[in-house]
Amino acid sequence: MNFTKRSIAAAGSVVLMLTATPAFAEDAVKTESHSVIETVGEGLASFFGGEIAGNRTASGEKCDPELMTAAHRTLPFGSLVRVTDALSGNSVIVRINDRGPFVKTRAIDLSKAAARELGIIGRGTAKVVLSLVAAK
Numbered sequence: 000m001n002f003t004k005r006s007i008a009a010a011g012s013v014v015l016m017l018t019a020t021p022a023f024a025e026d027a028v029k030t031e032s033h034s035v036i037e038t039v040g041e042g043l044a045s046f047f048g049g050e051i052a053g054n055r056t057a058s059g060e061k062c063d064p065e066l067m068t069a070a071h072r073t074l075p076f077g078s079l080v081r082v083t084d085a086l087s088g089n090s091v092i093v094r095i096n097d098r099g100p101f102v103k104t105r106a107i108d109l110s111k112a113a114a115r116e117l118g119i120i121g122r123g124t125a126k127v128v129l130s131l132v133a134a135k
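Pasting the structure below:
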């Protein structure tokens, strides 16, 4: 593993350790300043709402559609991800706390709060760019 990959892996580990607790994680999501570690993908984003509120996520947390969280198939729980709408350029920071989406054509499933802030509620889905970030 070269130096850059080790740096990215170390930064990701720090992000994971620091965001392991939901209370700290929500503070990290609210922080205005984040640095991009790497772009981790692009694709279609959708969102979930009250229909699964209170259910346990794959990370063991209770699902709260009013928190800035998301489901991703492979990113570690606690990862902070900048989701940028390719159409509008708007972006939000979410914390990965669940697995999904289970629709093959989708890349990430956002909480309703994240979708609202991103401005995609009316469209239902949006083409997005996903970037792993670290709180400064």
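All residue numbers in the sequence shown are consecutive under numbering that gives the first Met the number 0, ending with 135. All C-beta atoms, glycine included, are put in the ideal place defined by N, C-alpha and C.
Sort Val132, Ala112, Val128 and Ser34 by Cα distance to Val82 and report the nearest one. Of the candidates Val132, Ala112, Val128 and Ser34, the residue whose Cα lies closest to the Cα of Val82 is Val128.
Proximity winner among Thr56, Glu65 and Leu109, relative to Asp84 (alpha-carbon distances): Relative to the Cα of Asp84, the nearest Cα in the group Thr56, Glu65 and Leu109 belongs to Leu109.
Going by other Cβ atoms of all chains shown within 10 Å of its Cβ, with 16 needed for buried, is Asn54 buried or exposed? If you draw a 10 Å sphere on the C-beta of Asn54, you find fewer than 16 other C-beta atoms in it, and that means exposed.
Going by DSSP, name the residue or residues bridged to His33. According to DSSP, His33 bridges with Ala134.
In the structure shown, what three-state DSSP assignment does Leu117 receive? Leu117 carries a helical assignment under DSSP once its states are collapsed to helix, strand and coil.
Is it the case that the Cβ atoms of His33 and Lys135 are separated by a distance below 9 Å? Contact: yes.
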